[in-house]
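Chemist: Dropping a structure here in structure tokens format, bear with me for questions.
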Amino acid sequence: MSRQILAGRVAHLGTTVFSEFSALALKHGAMNLGQGFPDFDGPEAVKEAARKAITDGVNQYAPSPGLRDLRVAIAEHGARFHGHTGIDPDTMVTVTSGATEAILCVMLGLVDPGDEAIVFEPFYDSYDANLGFVGAKARYVPLRPPDASHSAWWFDRDEVRAAFGPRTRLLILNTPHNPTGKVFTREELEFLGGLCAEHDVKVLSDEVYEHILFSPARHVRPATVPSLADRTLTVSSAGKSFSLTGWKIGWIIAPPPLRDAVQRAHQFVTFATASPLQAATAAALRMPDAYFQELGAMYLSKRDRLLAGLTEAGLKAYTPEGSYFIIADITGRGFADDVAFCRHLVTEVGVAAIPPSVFYSPEHKHLGQGMARFAFCKTEAVLDEAARRLKVGLARGR
0 MSRQILAGRV
10 AHLGTTVFSE
20 FSALALKHGA
30 MNLGQGFPDF
40 DGPEAVKEAA
50 RKAITDGVNQ
60 YAPSPGLRDL
70 RVAIAEHGAR
80 FHGHTGIDPD
90 TMVTVTSGAT
100 EAILCVMLGL
110 VDPGDEAIVF
120 EPFYDSYDAN
130 LGFVGAKARY
140 VPLRPPDASH
150 SAWWFDRDEV
160 RAAFGPRTRL
170 LILNTPHNPT
180 GKVFTREELE
190 FLGGLCAEHD
200 VKVLSDEVYE
210 HILFSPARHV
220 RPATVPSLAD
230 RTLTVSSAGK
240 SFSLTGWKIG
250 WIIAPPPLRD
260 AVQRAHQFVT
270 FATASPLQAA
280 TAAALRMPDA
290 YFQELGAMYL
300 SKRDRLLAGL
310 TEAGLKAYTP
320 EGSYFIIADI
330 TGRGFADDVA
340 FCRHLVTEVG
350 VAAIPPSVFY
360 SPEHKHLGQG
370 MARFAFCKTE
380 AVLDEAARRL
390 KVGLARGR
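Using numbering that gives the first Met the number 0, read the sequence shown as starting at 0 and increasing by one per residue.
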């Protein structure tokens, strides 16, 4: 009798929903508002810095923690934009192959089999997979959509308190949040910080959308909240802020003992990431303020463009405070669930979206089945054509 080929830790993992719906979009010629990658390029000055680094011979292994100039730039950037001062580039920063690797290395470095981690739903899918890799159990707390009492996505504080227990080792935050667009407030972070301090829990703060914010929302870095400062590992990357997702340059910032735990894992996961792209990312982080202001203005325009298109198509859309995703309510459209709706959308209407139920645990999957996630990190022409197809296609399907 032959042995099972797949290891148990991956046996339940299929193709990601992003790959599945991007392939469907390509097959059916659909406007791809599913996978969250920009369909436009990053700044020419940053690409030129990469070319120069290659020409100048920055082509061998970087030190495992990352090129020092990039680590210095990450520290400068944290102080400049978030008031995150006192970051020692030599003891508090590790450069990783994207934020995805950073997240895995945080879990490898801090979480043991049998430990528990608190995860807000809907969640970025790698959180759940990585917890499975390290043998930890997730305790899920759902975010609720805006309602008569709440102007933004919110969480039940009693549900959060109940999620903490003797095995809780980690709380995972994503702010600005994918896919809801929620931006956690300082008051919310202080509440969470009090619970983490009480239970001696560390915080993984995923902040890859830190520069994609819409007034009056303001990004508060959890590491700058006093009760969280000594227990937070900040994760971010160049991909979203500079429209260079294929470069896969990410980083973690953490107090020295926590950064050491991540570095111990990182050195045996990828050891180091692409040297010339690290050099160029240092230049990117030092771009003038005008670049970041224009980035925010560009995404505000795209957000409002797609919101208007979804509304004209008859969908109730929740206005995001940050990130480049919009969640729309699809209840009452006559489909069994969000997967059926999104398959219809891509095959019959010509627009790809992501079914959010894949970002929920089995116990809460029903919360996502009445929604669809649309990405607006696309050109105006793509957004306009998608809006046109939605208006025509959804009207035809009523």
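Just so it is clear, CB atoms sit at the ideal spot from N, CA and C, and this is done for glycine as well.
Predicted model, so just to flag it, every value in this text is computed and none were measured.
Cβ of GLU100 within 8 Å of Cβ of GLY249?
Modeler: Translated into the one-based positions of the sequence shown, residue 100 becomes position 101. Translated into the one-based positions of the sequence shown, residue 249 becomes position 250. Their beta carbons are under 8 Å apart, which means GLU100 touches GLY249 by this criterion.
Chemist: Could you have a look at GLY192 and say whether DSSP puts it in helix, strand or coil?
Modeler: Within the sequence shown, the letter at position 193 stands for residue 192. Looking at GLY192 - three-state DSSP - the assignment turns out to be helix.
Chemist: Which residues bound the beta strand (DSSP E) around ARG220?
Modeler: The residue labelled residue 220 in the question sits at position 221 within the sequence shown. Here ARG220 belongs to no beta strand (DSSP E), and DSSP marks it neither H nor E.
Chemist: Ends of the alpha helix (DSSP H) at GLU47?
Modeler: In the sequence shown, residue 47 corresponds to position 48, counting from 1. Segment 43–54, the alpha helix (DSSP H) holding GLU47.
Chemist: I want to see whether chain D comes within less than 8 Å of ALA374, judged by CB atoms only; does it?
Modeler: The structure shown has no chain D; it contains just one protein chain.
Chemist: Counting C-beta neighbours from all protein chains within 10 Å, is the total for TYR208 16 or more, i.e. buried, or is it exposed?
Modeler: What you label residue 208 is simply residue 209 of the sequence shown in a count that begins at 1. The residue in question, TYR208, is buried, as its Cβ has 16 or more Cβ neighbours within 10 Å.
Chemist: For GLU320, is the classification buried or exposed, using 16 other Cβ atoms within 10 angstroms of its Cβ as the cut-off for buried?
Modeler: Within the sequence shown, residue 320 is the residue found at index 321, counting from 1. Classification of GLU320: buried, given that the 10 Å Cβ count is 16 or more.
Chemist: Just checking my contact of PRO215 with ALA52 at CB under 8 Å: how many whole Å lie between their CB atoms?
Modeler: For the purposes of this step, residue 215 is taken as residue 216 along the sequence shown, with counting starting at 1. For the purposes of this step, residue 52 is taken as residue 53 along the sequence shown, with counting starting at 1. That belief does not hold up - the Cβ atoms of PRO215 and ALA52 are roughly 39 Å apart, past 8 Å.
Chemist: Is LYS26 buried or exposed, if buried means 16 or more other CB atoms sit within 10 Å of its CB?
Modeler: Working through the sequence shown from its first residue, we reach residue 26 at position 27. Its Cβ having fewer than 16 others within 10 Å, LYS26 is exposed.
Chemist: May I ask you to report which of helix, strand or coil DSSP gives MET370?
Modeler: Start at 1 with the first residue of the sequence shown, and residue 370 comes out as number 371. DSSP places MET370 in strand when its eight states are reduced to three.
Chemist: Determine the DSSP secondary structure at ALA327, reduced to helix, strand or coil.
Modeler: Here the question's residue 327 lines up with position 328 in the sequence shown. Strand.
Chemist: Are the region 329–344 and the region 113–122 in contact at 8 Å, needing three or more beta carbon pairs?
Modeler: No contact exists between the region 329–344 and the region 113–122.
Chemist: Run through the region 15–102 for me and flag every whole alpha helix (DSSP H) of 4 or more residues, listed as ranges in chain order.
Modeler: With a minimum length of 4 residues, the continuous alpha helix (DSSP H) runs that stay inside the region 15–102 are 16–27, 43–54 and 67–81.
Chemist: Suppose the cutoff is 7 Å on Cβ atoms and the five residues either side in sequence are ignored; what does the same chain contact list for GLY77 look like?
Modeler: Position 78 of the sequence shown, counting from 1, holds the residue named residue 77. The residues are HIS83, ILE86 and ILE252.
Chemist: Measure the alpha-carbon distance for TRP152 versus LYS301 and round it to whole angstroms.
Modeler: In the sequence shown, the residue the question calls residue 152 occupies position 153. In the sequence shown, the residue the question calls residue 301 occupies position 302. The alpha-carbon atoms of TRP152 and LYS301 are separated by roughly 21 Å.
Chemist: For ALA22, count neighbouring Cβ atoms within 10 angstroms of its own Cβ and tell me buried if that reaches 16, exposed if not.
Modeler: Within the sequence shown, residue 22 is the residue found at index 23, counting from 1. Looking at its Cβ environment, which holds fewer than 16 other Cβ atoms inside 10 Å, ALA22 is exposed.
Chemist: Suppose the cutoff is 7 Å on Cβ atoms and the five residues either side in sequence are ignored; what does the same chain contact list for LEU227 look like?
Modeler: Taking the first residue of the sequence shown as position 1, residue 227 is located at position 228. Result list for LEU227: LEU188, GLY192, CYS195, VAL202 and PRO221, in chain order.
Chemist: Would you say ASP336 and GLN368 are within 8 Å of each other, going by their C-beta atoms?
Modeler: Position 337 of the sequence shown, counted from the first residue, corresponds to residue 336. Position 369 of the sequence shown, counted from the first residue, corresponds to residue 368. For ASP336 and GLN368, yes; Cβs fall inside 8 Å.
Chemist: What are the residues that DSSP puts in a beta bridge with GLU115?
Modeler: As a working mapping, residue 115 is identified with position 116 in the sequence shown. Per DSSP, LYS136 and THR167.
Chemist: ALA271: which of LYS247, MET106 and ALA283 sits nearest, CA to CA?
Modeler: On the sequence shown, position 272 is the one that residue 271 refers to. Selected option, being the one with the closest Cα: LYS247.
Chemist: Rounded to whole angstroms, what is the Cα-Cα separation between SER240 and ILE4?
Modeler: Looking up residue 240 in the sequence shown gives position 241. Looking up residue 4 in the sequence shown gives position 5. The alpha-carbon atoms of SER240 and ILE4 are separated by roughly 40 Å.
Chemist: Starting from the Cα of GLU19, find the closest Cα among ALA352, HIS363, ALA374 and LYS364 and give me that residue.
Modeler: Locating residue 19 in the sequence shown gives position 20, counting from the first residue. Measuring from the Cα of GLU19, the nearest candidate turns out to be ALA352.
Chemist: Nearest to ARG67 by alpha carbon, out of THR93, LEU32, GLN59 and ALA6?
Modeler: Counting from 1 along the sequence shown, the entry for residue 67 is found at position 68. Among THR93, LEU32, GLN59 and ALA6, the Cα nearest to that of ARG67 belongs to THR93.
Chemist: Between the Cα of VAL105 and those of ARG332, PRO144, ASP259 and GLN277, spot the shortest distance and give me the residue it belongs to.
Modeler: Counting from 1 along the sequence shown, the entry for residue 105 is found at position 106. Measuring from the Cα of VAL105, the nearest candidate turns out to be ASP259.
Chemist: Look at the alpha carbon of ASP383 and the alpha carbon of VAL357, and state the distance between them as a whole number of angstroms.
Modeler: The residue labelled residue 383 in the question sits at position 384 within the sequence shown. The residue labelled residue 357 in the question sits at position 358 within the sequence shown. Cα to Cα, ASP383 sits roughly 27 Å from VAL357.
Chemist: For a quick check, are the C-beta atoms of SER322 and GLY97 less than 8 Å apart?
Modeler: For the purposes of this step, residue 322 is identified with residue 323 of the sequence shown, where counting begins at 1. For the purposes of this step, residue 97 is identified with residue 98 of the sequence shown, where counting begins at 1. The answer is no: Cβ separation not under 8 Å.
Chemist: What separation, rounded to the nearest whole angstrom, lies between the Cα atoms of ASP157 and VAL140?
Modeler: By 1-based counting over the sequence shown, the position of residue 157 is 158. By 1-based counting over the sequence shown, the position of residue 140 is 141. So the two alpha carbons sit approximately 10 Å from each other.
Chemist: Under 8 Å by Cβ, that's how I've got LEU142 and THR179 pegged, so tell me the actual separation to the nearest angstrom.
Modeler: Position 143 of the sequence shown, counted from the start, is the residue given in the question as residue 142. Position 180 of the sequence shown, counted from the start, is the residue given in the question as residue 179. Sure, about 6 Å apart at Cβ, within 8 Å.
Chemist: What does DSSP give as the partner residues of ILE143 in its beta bridges?
Modeler: On the sequence shown, residue 143 is found 144 positions in, with the first residue counted as 1. Residue identity check: residue 143 is Arg in the sequence provided, not Ile. Answer by DSSP bridge pairing, in chain order: TRP153.
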